[in-house]
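Enquirer:
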């Protein structure tokens with residue numbers, strides 16, 4: 001029976017997929033198996049059956065255990081390099097047989113709950129660039145930086161392996177520069193911008209359509225259809241936070257209040273508030289993230305001025321817009337425009 005949305009306590013992630021890769025990496029580096037699985041409710045023998053499913057909460061606790069037991073700065077990057085295309089059945093085959101970067105990224109976004117279950121991926125192509133934006137699907141909390149590092153390393157590694165060349169990705173990271181920056185240089189390169197408004201990857205669009213040798217278009221299409229069937233077998237096709245984000249982005253020009261959005265999601269305001277709290281977030285935080293995403297698209301891809309962005313978002317009070325933009329992105333309009341210009 002499919003429910004409305006995937007939530008952080010719903011067991012839908014095959015334990016022998018991404019979690020098993022993490023476990024194998026940790027065990028290979030000498031981590032004690034009992035300590036690794038402590039508190040997760042998982043047992044190694046259950047994972048080996050190929051039938052165990054875990055919730056995002058369990059997966060995040062497993063990641064936290066790995067971080068606590070392994071004091072290696074490259075763990076997230078090495079893990080990411082293993083995760084895409086990965087060994088996750090038809091979904092991974094669909095990525096492996098993509099005929100170009102655009103097809104690979106579109107499949108990655110469509111099959112995201114199977115291939116990258118904890119983070120939201122949104123693809124944008126404008127006149128000059130490809131933008132891949134990363135968001136939080138389940139309230140990843142303290143494990144967010146680890147997952148962003150792994151995710152960006154995964155896409156970087158996948159695109160390099162399938163294209164046969166190291167593509168000149170740029171990386172915008174919302175966290176501050178860590179002490180182990182050399183790991184970013186090794187695994188991602190030097191096009192790094194820490195303290196960014198959003199987590200994004202960027203690449204010149206010229207690389208979108210370059211054919212990838214060795215791909216089978218037919219095999220890729222069949223694998224994608226099989227992957228979509230796997231997706232349809234999940235309790236739901238999208239997380240609550242992802243559905244909420246998409247709704248808020250689609251209606252961002254309207255006045256948005258908790259009560260009205262809850263009604264659109266067929267629940268009471270109290271229920272929506274409770275569900276968001278369970279995911280470590282709140283309505284205003286989600287609304288700010290949606291507005292930040294829209295504002296960055298308007299600045300980056302459409303070349304809007306601050307006045308244009310304010311008008312688009314229906315701000316009549318410019319002082320209010322400046323305060324709001326700073327809350328969403330951490331930057332005033334002039335600071336954000338300078339930040340954008342310095343990255344060109």
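In UniProt numbering, the protein residues as written are 1 to 344. We put the beta carbon where it would ideally sit given N, CA and C, even for glycine.
1) Is it buried or exposed, residue 316, if we count other Cβ atoms within 10 angstroms and call 16 or more buried?
2) Excluding five sequence neighbours on each side, which residues of the same chain lie with their C-beta closer than 8 angstroms to the C-beta of residue 28?
3) Enumerate in chain order the residues of its own chain whose CB-to-CB distance from residue 170 is below 6 angstroms, with the five nearest sequence positions on each side excluded.
4) In three-state DSSP terms, what is residue 9?
5) Could you check where the alpha helix (DSSP H) with residue 339 kicks off and where it finishes?
6) Assign residue 209 to buried or exposed, taking buried as 16 or more other Cβ atoms, counted over all protein chains shown, within 10 Å of its Cβ.
7) With a threshold of 7 angstroms on Cβ separation, who are the neighbours of residue 2 within its own chain once the five nearest residues in sequence on each side are excluded?
8) Give the C-beta separation of residue 153 and residue 96 to the nearest angstrom, bearing in mind that I take them to be a contact with Cβ-Cβ under 8 angstroms.
9) Roughly how many whole angstroms lie between the Cα atoms of residue 206 and residue 9?
10) By alpha-carbon positions, which one of 284, 52, 255, 45 ends up nearest to residue 312?
11) Give the secondary structure of residue 96 by DSSP, where H, G and I count as helix, E and B as strand, and everything else as coil.
12) Considering only residues of the same chain and omitting the five flanking positions on each side of residue 44, which have a CB-CB separation below 8 angstroms?
13) Three or more C-beta pairs closer than 8 angstroms, one from the stretch 45-56 and one from the stretch 157-172: is that the case here?
14) Just to confirm my understanding: we take residue 74, look at its own chain, exclude 5 residues before and 5 after, and list those with CB closer than 6 angstroms. What are they?
15) How far does the alpha helix (DSSP H) with residue 106 in it extend, from its first residue to its last?
16) Check whether the Cβ atoms of residue 275 and residue 258 lie closer than 8 angstroms to each other.
17) Excluding sequence positions up to five away, which residues of its chain have a Cβ less than 7 angstroms from the Cβ of residue 195?
18) Return the CA-CA distance between residue 15 and residue 106, expressed in angstroms with no decimal places.
19) With DSSP as the reference, label residue 18 as helix, strand or coil.
20) For residue 290, which residues of its own chain have a beta-carbon under 7 angstroms away from its beta-carbon, when the five flanking residues on both sides are left out?
21) Hey, residue 379 and residue 88 are a contact pair by Cβ (cut 8 angstroms); roughly how many whole angstroms apart?
22) If I follow the unbroken alpha helix (DSSP H) through residue 168, where does it start and stop?
23) Report yes if the C-beta distance between residue 77 and residue 187 is below 8 angstroms; otherwise report no.
24) If contacts are defined as beta-carbon pairs under 8 angstroms, then residue 198 and residue 296 qualify, I think. What distance do you get, rounded to the angstrom?
25) What is the DSSP secondary structure of residue 1, reduced to helix, strand or coil?
26) How is the beta strand (DSSP E) around residue 251 delimited, first residue to last?
27) In the DSSP assignment, find the unbroken beta strand (DSSP E) run with residue 191 in it and report its ends.
28) Would you tell me roughly how many angstroms separate the C-alpha atoms of residue 319 and residue 338, rounded to the nearest one?
29) If we count the other Cβ atoms within 10 Å of its Cβ and call it buried at 16 or more, is residue 166 buried or exposed?
30) From 116, 179, 5, 123, pick the residue whose C-alpha is nearest to that of residue 148; which is it?
31) In whole angstroms, what separates the C-alpha of residue 344 from that of residue 336?
32) Hey, how far is the Cα of residue 282 from the Cα of residue 240?
33) Can you give me the C-alpha to C-alpha distance between residue 138 and residue 63, rounded to a whole angstrom?
Expert: Short version:
1) exposed
2) none
3) 191, 202
4) coil
5) 333-342
6) exposed
7) Reliability fails at residue 2, whose pLDDT of 41 lies under 50, so the model's placement of it is uncertain and the value that follows must be treated cautiously. Cβ within range, chain order: 235, 236.
8) Not really, about 18 angstroms apart at Cβ, beyond 8 angstroms.
9) 41 angstroms
10) 255
11) helix
12) 23, 33, 37
13) no
14) 183
15) 101-110
16) no
17) 176
18) 25 angstroms
19) helix
20) 245, 248, 249, 252
21) Since the first and last residues shown for the chain are 1 and 344, residue 379 lies out of range.
22) Looking at the DSSP string, residue 168 is not in any alpha helix (DSSP H), and its letter there is neither H nor E.
23) yes
24) 6 angstroms
25) Confidence in residue 1 is poor, its pLDDT being 31 and thus under 50, which makes the residue's placement unreliable; the coordinate value appears in the next sentence. Of the three classes helix, strand and coil, the one that applies to residue 1 here is coil, per DSSP.
26) Counting along the chain, residue 251 falls outside any beta strand (DSSP E), and DSSP gives it neither H nor E.
27) It is not in any beta strand (DSSP E) - residue 191 carries neither H nor E in the DSSP assignment.
28) 19 angstroms
29) exposed
30) 116
31) With a pLDDT of 49 at residue 344, under the threshold of 50, the modelled position of this residue cannot be trusted; read the value that follows with caution. Going by the C-alpha atoms only, they are around 13 angstroms apart.
32) 12 angstroms
33) 14 angstroms
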